[in-house]
Amino acid sequence: MEPNSRIAIIGVIVSQEIKKVVIAGGGTSGWCTAVALSKQFGKLLDITLIESEEIGTVGVGEATFPTICTFHRMHGIDEREFLQATGGSIKLGISFENWARRGDRYIHSFGTIGQSSWLGDFHNILCAAREYGYDAQLDDFCFELQAAKHHKFAIMQSPKLNYAYHFDAGRYARFLRRLSEQNGVKRVEGKIVEVKQNADTGFIEAVTLASGARIEGDFFIDCTGFGGLLIEKTLQAGYEHWGQWLRNDSAVALQTEFSGDLPPYTRAIAHESGWQWKIPLQHRQGTGHVYSSAYISDEDARNTLLNNLDGDIRVELRLLKFHTGRRKKAWIKNCVAIGLAGGFVEPLESTSIHLIQIGIARLLQLFPFAGCCESLANRYNEQSRVEYERIRDFIVLHYKATERDDTPYWRDCRDMEIPDSLAQRIELFKEAGIVYMNPEEVFRIDSWLQVMLGQRIKQQRYHHFPHAMDRAQMIASLDKYKNDLAAAVRKIPSHGEFLKDYCPMKWD
Ligand SMILES: Cc1cc2nc3c(=O)[nH]c(=O)nc-3n(C[C@H](O)[C@H](O)[C@H](O)COP(=O)(O)OP(=O)(O)OC[C@H]3O[C@@H](n4cnc5c(N)ncnc54)[C@H](O)[C@@H]3O)c2cc1C
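Residue 7 is where the sequence shown starts when you use our numbering, and the numbers rise one by one after that.
This is the structure in C-alpha cells:
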C-alpha cells in the first residue's frame, strides 16, 4: 500500500487518514479540545467545532485540580490573561465541613506534608515524635494548608505553593474560543439533528444540522455533554453506573454576590442528604447543592440551598440531573468522547475538568493521523477506565468514612459495601498506617492521608523507622520545618491582594 494512501486497511477495520476533525459541542470540553488540538496540530488538521446556543452548556464546573496549570502551560495559555478574562481565583484545596461529624472541618490541600523518607511517609515521623511527647499537627507541616487557612497566596519558587484555579465557566469557554479561533479553528453555530454513519464500517461520516448543512469529517470528538449524541446515541457505547456507591444524582446551582475576604479554597459543606459547594471568584460566588433525589425532594434541596447563601442571588436557580459513572468505551471507531459525554464522577473533588484535560492529552499522544485502529482505541479506553475508577474510589472514601448517623442518607453511606480496591486501602491504613499511590492515579499519598484522617479513620499502628533516628535531632528538625513554614506564610500577601495585583478581572 502507498504510504500516502487516503485509505488504510487495518485488520477488518477500514479507516482513512485523519485530516478533518469535527468537535461536536462547545462547553468546557469542546473548547479545551479545540485549543489543544489547534495549538499542537493546527498545521496538520482542519478543525471545526459545532455548538448550539439554543441547547447551551451545563453552566457549572468552576473549581479545578492543579493539573490544569500543566494543561495551560502545555498549550501556551497565559495564566494572567486567563485569570483576568475569567474572574478567576486561586484554589489551594477544599475545605470539608460537617463530613465525618457535624461541626468537623478539615482542608484537603494540594500540598505535600512534611519531608518523607524513602522508608516511609512523613506522618510516621510525626506519630513517632508524638509518642516522645512532641505536640504538633500534620497541618503545621503543609505550606498550602497553612496558606489556605490564613487566606494567603503568592507565586514563589521556594517553598512553592501547588495550586489550581476557580473560574467562571462561561467566560472560560469564551476565552478558549478566542484562542482556538486565533489558531484557525472554525466555529459553526447550529443544532446537530442527524449523525450519518458509513453503511459498511459504521464509522461516522458527517453530521447534519437543523439548517440542513452537512459537515463531514474523518474523526469526530463528542463533547455534547451528558447526552453523548455521537458516542451513545449513535455508537451505543453503553454506560457503567456507579449509583450504588455515589448516590447523588441531582444538583441545584446559582450565583451570588460575594464580598469580604476571598478564601483560596473551595468549600464543600455536608448537609442532610448531600453537600453544598461554594466557589469564590473575583466578581461573584458560585454555589450549589448536590444531593440524592432518593432522600430529598428537589423542592427541599432548593430550600436547603436558599437557606445557606452568603450573598444576594445574581443568577437564578438551575436544576441539573446526572448519572454518576462512565461510558464503557470512550473511543469507538472514529469517535472519542471527552467531558460529560464520556462520564461523570460527582464534583466533590473537582475532577471533571481534570479528566477532560487528561483525556485530551492522551488523545493527542495517541492521535490516529494514519487512520483509526482498534489497538489505539483499546489503549485509550483502558487508561480512561483506570483513571475514572481511581477517582471514583477516592470520592467514595468521603462518604463511606463518616460517623454521621443523623439522617438515612448518611447512615446508608456509612453502611454501604464499597469497591474492594478501596476497602483494601482503608484496611491497610487502619491496620498499619500505610498509604500509597497507584500508577495512573491523580491523588497523591498526601491527598489520601488528609482525607482519611479528616474523615476520622483511625490508624492502629505506624511504621517504626523514625525510632531508629536520633530523637533530639528529629524533634529539632521538625520544629525548624514548622517554624520556617509559619514564617513563610506570614510573609506572603493575602489572596485578595495577590489577585488585585497580579490579575484583576477584565470585563469584556
Ligand atoms: C452540579 C455539577 C457541578 C460541577 N462542578 C464541577 C467542578 O467544580 N469542577 C469540575 O471540574 N467539573 C465540575 N462539573 C463538571 C463540569 O461542569 C463539566 O465537566 C464541564 O463543564 C464540561 O462539560 P461539557 O463541555 O462536557 O458539556 P456541556 O457543558 O454540557 O457542553 C455540551 C456542548 O454540546 C453542545 N451540544 C449538545 N447537543 C448538541 C447538538 N445536538 N448540536 C449541537 N451542539 C450540541 C451544547 O450546546 C454545548 O456547547 C460539574 C458538573 C455538575 C453537573
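Built from N, CA and C at the ideal position, the CB exists for glycine as well.
Comparing alpha carbon positions, the residue from Leu236, Thr230, Gly126, Thr330 closest to Gly208 is Leu236. Each residue's CA atom was taken as its position, placing Ile364 and Gln479 some 43 Å apart. Note on Asp507: under 16 other CB atoms within 10 angstroms of its CB, so exposed under the neighbour-count rule. Rounded to the nearest whole angstrom, the CA to CA distance from Asp452 to Thr118 is 6 Å. Taken from the Cβ of Val191, every heavy atom of ligand 1 lies 6 Å or farther away. Secondary structure note for Ala106: it is in no alpha helix (DSSP H), with a DSSP letter that is neither H nor E. Put simply, of Leu51, Ser303, Phe400 the residue whose alpha carbon is nearest the alpha carbon of Arg450 is Phe400. Taking the Cβ of Phe77 as the reference point, every heavy atom of ligand 1 lies at 6 Å or farther away. Shown here for Tyr178: same chain residues with a beta carbon closer than 7 Å to its own, the five before and five after excluded, namely Thr34, Thr92 in chain order. For Pro286, the pairing in a beta bridge is given by DSSP as Gln291. Contact check between the stretch 246 to 264 and the stretch 323 to 330: three or more CB pairs, one atom from each, fall below 8 Å, which counts as touching.
Contact annotation: Ser500 and Lys158 have beta-carbon atoms nearer than 7 Å. Nearest Cα to Gly460 within the set Gly67, Leu144, Gly331: Leu144. According to the DSSP assignment, Val495 belongs to the alpha helix (DSSP H) that extends over 477 to 497. Put simply, the backbone Cα of Leu455 is about 12 Å away from that of His404. Restricting attention to alpha helix (DSSP H) runs no shorter than 4 residues, the stretch 319 to 380 encloses them at 358 to 371, ordered along the chain.
In the same chain as Leu215, and ignoring 5 residues on each side of it, the C-beta atoms closer than 8 Å to its own belong to Ile56, Val194, Gly196, Lys197, Ile198, Val199, Ile221, in chain order.
Looking at the DSSP output, Ile440 shares a beta bridge with no other residue. If you check the C-beta of Cys229 against ligand 1, you find a heavy atom less than 6 Å away.
Relative to the non-hydrogen atoms of ligand 1, the Cβ of Gly31 comes within a distance shorter than 6 Å of at least one.
With respect to the C-alpha of Ile498, the residue from Phe350, Met162, Glu68 having the closest C-alpha is Met162.
In summary, Trp416 is buried, with 16 or more beta-carbon neighbours lying within 10 Å of its beta-carbon over all protein chains present. Closer than 6 Å to some heavy atom of ligand 1: that does not describe the Cβ of Leu315. The Cβ neighbour count for Trp337, taken over all protein chains shown within 10 Å, is at least 16; the residue is labelled buried. The beta-carbon separation of Phe116 and Ser122, rounded to 16 Å, does not stay under the 8 Å limit for a contact.
For Ile359, the CB falls within less than 6 Å of some heavy atom of ligand 1. Taking C-alpha positions only, Ser58 is separated from Ala343 by approximately 18 Å.
Of the residues Ala30, Lys25, Tyr169, the one whose Cα lies closest to the Cα of Phe71 is Tyr169. Around the beta-carbon of Thr76, fewer than 16 other beta-carbon atoms lie within 10 Å, marking it exposed. Taking 7 Å as the cut-off, the Cβ atoms of Gly94 and Phe173 count as close. Taking a cut-off of 8 Å on C-beta distances, the stretch 272 to 291 touches the stretch 101 to 108, as three or more cross pairs fall below it.
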